[in-house]
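Asks:
In the UniProt record's numbering, the protein residues as written are 1 to 194.
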């Protein structure tokens, strides 16, 4: 019978999430993880599987804890409010003083080489899930007359998420929350009115 676990797996997962967020998937080594989490390699592998599985768990936690605003925003009654709440939610998450700068997904996606193709695919799939949900919400808004008839819901969803990704780059480069909010305000000027 093995020795009982001597660390809090939830705390260790949070530490891994923060390391991946700060350094990207490939920039975070197993040694970074074990040192940061305060565990041994056998404990990491025994509890979380491999680095790829640990990243997927961290990504799931990131979505649940830091991106919950996205799904709440989809429930807003007007398309403009949906878009604004999503963009402002991204800015809040990306500029929170206790969080690493930027966005875990953007940081990881922009630093994945061919050696991390499966992780890159996972990230792209997660982005597409959000983009499709947002496009469906904008399609509903179009049907309800909340967006002009000539609006393209898929393009609008892609636009909003592209702006969100840009805010992540700004936040990781040290821009203040107020500076990034001003960028959101500029971007929203091109959002169609009903």
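All C-beta atoms in this analysis are idealised placements derived from N, C-alpha and C, irrespective of residue type, glycine included.
A quick note: this is a predicted structure, and the numbers were derived from the prediction, not measured.
What is the C-beta distance between residue 153 and residue 194, in whole angstroms, given that I count them as a contact (C-beta under 8 Å)?
Replies: Actually they do not touch by this definition, with Cβ atoms about 14 Å apart.
Asks: Determine, using beta carbons only, whether residue 77 and residue 18 come nearer to each other than 8 Å.
Replies: In this structure, residue 18 does not lie closer than 8 Å to residue 77 by Cβ.
Asks: Roughly how many angstroms separate the alpha carbons of residue 175 and residue 58, rounded to a whole number?
Replies: Using only the alpha carbons, I get a separation of about 25 Å.
Asks: Tell me the rounded alpha-carbon separation between residue 113 and residue 37.
Replies: Whole-angstrom Cα-Cα distance: 25 Å.
Asks: Given a threshold of 16 other Cβ atoms within 10 Å of its Cβ, counted over all protein chains shown, does residue 21 qualify as buried or as exposed?
Replies: Classification of residue 21: buried, given that the 10 Å Cβ count is 16 or more.
Asks: How about residue 74 and residue 187: are their beta carbons less than 8 Å apart?
Replies: Going by C-beta atoms, residue 74 is not nearer than 8 Å to residue 187.
Asks: Buried or exposed: which applies to residue 50, given that a residue is buried once 16 or more other Cβ atoms fall within 10 Å of its Cβ?
Replies: Flag for residue 50 reads exposed.
Asks: Can you list, in chain order, the residues of its chain whose CB lies under 6 Å from that of residue 106, leaving out five sequence neighbours each side?
Replies: Only 165, 168 meet the Cβ criterion.
Asks: Closest to residue 97 by C-alpha separation, out of 182, 131, 185, 171, would be which residue?
Replies: It is 171.
Asks: Report, in whole angstroms, the separation of the C-beta atoms of residue 91 and residue 181, which I expect to be a contact under 8 Å.
Replies: Confirmed, Cβ separation roughly 6 Å.
Asks: Would you decide whether residue 184 is buried or exposed? Buried here means 16 or more other CB atoms lie within 10 Å of its CB.
Replies: Classification for residue 184: buried.
Asks: What does a CB cutoff of less than 6 Å around residue 93 pick up in its chain, not counting 5 residues either side in sequence?
Replies: Closer than 6 Å at Cβ, skipping near neighbours: 66.
Asks: Quick one: is residue 132 buried, meaning 16 or more other Cβ sit within 10 Å of its Cβ, or exposed?
Replies: Residue 132 comes out exposed.
Asks: Taking 8 Å as the threshold (C-beta atoms), are residue 52 and residue 119 in contact?
Replies: Yes.
Asks: Spatial neighbours of residue 151 within its chain, please: CB distance less than 6 Å, with the 5 preceding and 5 following residues excluded, ordered by chain position.
Replies: Once the five neighbours on either side are set aside, the close Cβ partners of residue 151 are 142, 192.
Asks: Let's test the definition: count the other Cβ atoms within 10 Å of the Cβ of residue 117 and tell me whether it reaches 16, buried, or not, exposed.
Replies: That one is exposed.
Asks: Are the beta-carbon atoms of residue 138 and residue 161 separated by less than 8 Å?
Replies: Against a cut-off of 8 Å, the Cβ pair of residue 161 and residue 138 comes out as no contact.
Asks: Closest by CA to residue 79, which one among 43, 163, 144?
Replies: Here the closest residue by C-alpha is 144.
Asks: Just verifying my parser: in three-state terms, what is the DSSP assignment at residue 114?
Replies: DSSP places residue 114 in helix when its eight states are reduced to three.
Asks: Use the C-beta contact count for residue 15: other C-beta atoms within 10 angstroms, 16 or more gives buried, fewer gives exposed.
Replies: Buried.
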